[in-house]
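Q: Would you mind keeping the following structure in view while I ask a few things?
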Amino acid sequence: MDSVPGRIVISVDAMGGDRGAAAVAAGIIRSAAKNPDIAFIVHGPEPELSRLLGRRRELQGRCEIRHAEGVVKMSDKPSQVMRHGEGTSMWSTVESVKRGEATVAVSCGNTGALMALSMIRLRKLPGVNRPAIACLWPSRNPQGFNVMLDVGADIKADAEDLLQYALMGASYARNGLGLARPRVGLLNVGTEEHKGRAELKVAHDLIAAATEAGAFDYVGFVEGGDLPSDRVDVIVTDGFTGNIALKTGEGTAKLISDFLKEAFNATFLSKIAALLALTSLKRLQKRIDPRRVNGGVFLGLNGTVVKSHGSADALGVSAAIKLAFRLAQSGFQDRLAARVASAGQARQDAAVQGTGPAVGSPGGTS
Numbered sequence: 111m112d113s114v115p116g117r118i119v120i121s122v123d124a125m126g127g128d129r130g131a132a133a134v135a136a137g138i139i140r141s142a143a144k145n146p147d148i149a150f151i152v153h154g155p156e157p158e159l160s161r162l163l164g165r166r167r168e169l170q171g172r173c174e175i176r177h178a179e180g181v182v183k184m185s186d187k188p189s190q191v192m193r194h195g196e197g198t199s200m201w202s203t204v205e206s207v208k209r210g211e212a213t214v215a216v217s218c219g220n221t222g223a224l225m226a227l228s229m230i231r232l233r234k235l236p237g238v239n240r241p242a243i244a245c246l247w248p249s250r251n252p253q254g255f256n257v258m259l260d261v262g263a264d265i266k267a268d269a270e271d272l273l274q275y276a277l278m279g280a281s282y283a284r285n286g287l288g289l290a291r292p293r294v295g296l297l298n299v300g301t302e303e304h305k306g307r308a309e310l311k312v313a314h315d316l317i318a319a320a321t322e323a324g325a326f327d328y329v330g331f332v333e334g335g336d337l338p339s340d341r342v343d344v345i346v347t348d349g350f351t352g353n354i355a356l357k358t359g360e361g362t363a364k365l366i367s368d369f370l371k372e373a374f375n376a377t378f379l380s381k382i383a384a385l386l387a388l389t390s391l392k393r394l395q396k397r398i399d400p401r402r403v404n405g406g407v408f409l410g411l412n413g414t415v416v417k418s419h420g421s422a423d424a425l426g427v428s429a430a431i432k433l434a435f436r437l438a439q440s441g442f443q444d445r446l447a448a449r450v451a452s453a454g455q456a457r458q459d460a461a462v463q464g465t466g467p468a469v470g471s472p473g474g475t476s
């Protein structure tokens, strides 16, 4: 692989997804054709990957294949993968980021195993108790998406964890969506301050006090109906609630899509109506297509990992690679680490001085 200044190297796990290496390879080729500033280290069985990628003109001098025989299956338990995963394509993918050969890792594989391997090989950022997975949620905001975290890294989260999620989610929104000062909301069963579990009320106060240190605005409690709204840019919740919300949203989007197809195919007149509305329908399909916002980002680690949906096709894989490139290009990882460290130091200083959570924004745009 040729070394070109300014080119960003992305480590890609070619195995483990529902559609196999062919879909991942097609996504890599699609990304390479659109963006000459990406290079790839691709991990998996060398004979198969050479057949899929070896003679592609778009990848000349930009793709290195790393042979890895083993594959982490969707049914594998994270504990098994941590003990016996060395030699798999997933392990090799994360290892390339740990060694500094690549800036971001991308995988369609087993989420639990990928998080476990990432935590073991990359380690957590200082001051982070629980890493989180952040996803993009289609919304009415000008940027088209809101950030939600955690969506499944850990089913538990105490008040301090939720504060860290707010800091990390705001940093992601700044670097991934270009928002100078994101609006953060805490997901609850109502917007009134007296509602919710005890840890949510404590987190509410902690997040409100950290707005200057974290360079975000806090809108308070938000409800499920606010997830796609323009009231908020970052939604903070625990992994149990976030994962259920994410899967519910995906299922609802597919249901609506199926209902629309049935309605427009019901009669001869409805088929004509569908033809007349074809442009608008394609615009709607593009906006709600989950493949175009594919990629959950693992936050709170010493390295950036993007988890692509297991059933992603070439378009979905390409979207995950695009997200990985955008984050790497922005210097997201260094900025996130600096933001978490400076906010943690501010809270420690405040505790020593006995003045409550400190304010005072650190420099930079993390």
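According to the working numbering, the sequence shown holds residues 111 to 476 in order.
We treat Cβ as the ideally placed atom computed from N, Cα and C, and that holds for glycine.
#1: Distance, Cα to Cα, ASP348 vs VAL329?
#2: Who pairs with TYR275 in a beta bridge, going by DSSP?
#3: Our contact map puts ASP182 next to MET200 with C-beta atoms below 8 Å; I'd like the distance itself, whole angstroms only.
#4: Between SER249 and the rest of its own chain, which residues show a CB-CB distance below 7 Å, the 5 nearest in sequence each way excluded?
#5: Check for me: the alpha helix (DSSP H) holding GLY222 runs from which residue to which?
#6: In this structure, how does DSSP classify GLU174 when only helix, strand and coil are distinguished?
#7: Can you name the residues that DSSP bridges to ALA242?
#8: As a quick exercise: from GLY413, PRO292, ALA430, pick the residue whose alpha carbon is nearest that of ALA488.
#9: Rounded to whole angstroms, what's the CA-CA distance from ARG436 to CYS218? Just pull it up for me.
#10: By how many angstroms is the C-alpha of PHE374 removed from the C-alpha of ASP368?
#11: If you reduce the DSSP assignment to three classes, tell me which class PRO248 lands in.
#12: Based on Cα-Cα distance, which residue from GLY361, ALA434, GLN274, SER121 lies nearest to ARG172?
#13: Straight-line CA distance for GLY288 to GLY324?
#14: Relative to the C-alpha of ILE354, which residue among PRO188, GLY262, GLY210 is closest?
#15: For LEU446 and ASN251, I'd like the C-alpha separation in whole angstroms.
#16: Could you give the distance in angstroms between the alpha-carbon of LEU370 and the alpha-carbon of LYS364?
#17: Compare the Cα-Cα distances from GLY405 to each of ILE151, GLY420, GLY413, ILE230 and report the closest residue.
#18: How long is the line joining the alpha carbons of LYS234 and LEU379, rounded to whole angstroms?
#19: Could you give the distance in angstroms between the alpha-carbon of ILE317 and the alpha-carbon of LEU433?
#20: Drop a sphere of 10 angstroms on the beta-carbon of VAL152, count the other beta-carbons inside from all chains shown, and report buried for 16 or more, exposed for fewer.
#21: Once you ignore the five residues that flank CYS245 on each side, which residues in its own chain have a CB closer than 7 Å to its CB?
#22: If you draw a straight line from the C-alpha of GLU81 to the C-alpha of ALA136, how long is it?
A: This is what the structure gives:
#1: Reading the sequence shown from its first residue, position 238 is the one you call residue 348. Reading the sequence shown from its first residue, position 219 is the one you call residue 329. So the two alpha carbons sit approximately 18 Å from each other.
#2: Against the sequence shown, residue 275 aligns to sequence position 165. DSSP lists no partner for TYR275.
#3: As a working note, residue 182 is residue 72 in the sequence shown. As a working note, residue 200 is residue 90 in the sequence shown. For clarity, residue 182 is Val in the given sequence; the question names Asp instead. Their Cβ separation, rounded to whole angstroms, is 4 Å, which keeps VAL182 and MET200 in contact under 8 Å.
#4: The residue you call residue 249 lines up with position 139 of the sequence shown. The answer, listed in chain order, is PHE255, ASN256, PRO338, SER339, ASP340.
#5: Within the sequence shown, numbered from 1, the residue matching residue 222 stands at position 112. From DSSP, the alpha helix (DSSP H) with GLY222 extends over 221-232.
#6: If you number the sequence shown from 1, residue 174 lands on position 64. Correct three-state label for GLU174: strand.
#7: As a working mapping, residue 242 is identified with position 132 in the sequence shown. According to DSSP, which records beta bridges pairwise, ALA242 is partnered with LEU409.
#8: Look at the range of the chain in this structure, 111 to 476, and you will see that residue 488 is not part of it.
#9: Position 326 of the sequence shown, counting from 1, holds the residue named residue 436. Position 108 of the sequence shown, counting from 1, holds the residue named residue 218. The alpha-carbon atoms of ARG436 and CYS218 are separated by roughly 18 Å.
#10: Counting from 1 along the sequence shown, the entry for residue 368 is found at position 258. Counting from 1 along the sequence shown, the entry for residue 374 is found at position 264. Using only the alpha carbons, I get a separation of about 10 Å.
#11: Start at 1 with the first residue of the sequence shown, and residue 248 comes out as number 138. Reduced to three states, the DSSP call for PRO248 is strand.
#12: Numbered from its first residue, the sequence shown carries residue 172 at position 62. ARG172 has its Cα closest to that of SER121, out of GLY361, ALA434, GLN274, SER121.
#13: For the purposes of this step, residue 288 is taken as the residue at position 178 of the sequence shown. For the purposes of this step, residue 324 is taken as the residue at position 214 of the sequence shown. Using only the alpha carbons, I get a separation of about 16 Å.
#14: Position 244 of the sequence shown holds residue 354. Measuring from the Cα of ILE354, the nearest candidate turns out to be GLY262.
#15: Within the sequence shown, residue 446 is the residue found at index 336, counting from 1. Within the sequence shown, residue 251 is the residue found at index 141, counting from 1. Rounded to the nearest angstrom, the two C-alpha atoms are 23 Å apart.
#16: Here residue 370 refers to the residue found at position 260 of the sequence shown. Here residue 364 refers to the residue found at position 254 of the sequence shown. Rounded to the nearest angstrom, the two C-alpha atoms are 10 Å apart.
#17: Taking the first residue of the sequence shown as 1, we reach residue 405 at position 295. Among ILE151, GLY420, GLY413, ILE230, the Cα nearest to that of GLY405 belongs to GLY420.
#18: The residue labelled residue 234 in the question sits at position 124 within the sequence shown. The residue labelled residue 379 in the question sits at position 269 within the sequence shown. So the two alpha carbons sit approximately 58 Å from each other.
#19: Here residue 317 refers to the residue found at position 207 of the sequence shown. Here residue 433 refers to the residue found at position 323 of the sequence shown. Cα to Cα, the separation comes out at about 27 Å.
#20: Position 42 of the sequence shown holds residue 152. With 16 or more other Cβ atoms within 10 Å, it is buried.
#21: Along the sequence shown, read from residue 1 onward, the residue named residue 245 stands at position 135. MET258, VAL261, LEU356, GLY406, listed in sequence order.
#22: Residue coverage of the chain in this structure runs from 111 to 476, which leaves residue 81 outside it and unanswerable.
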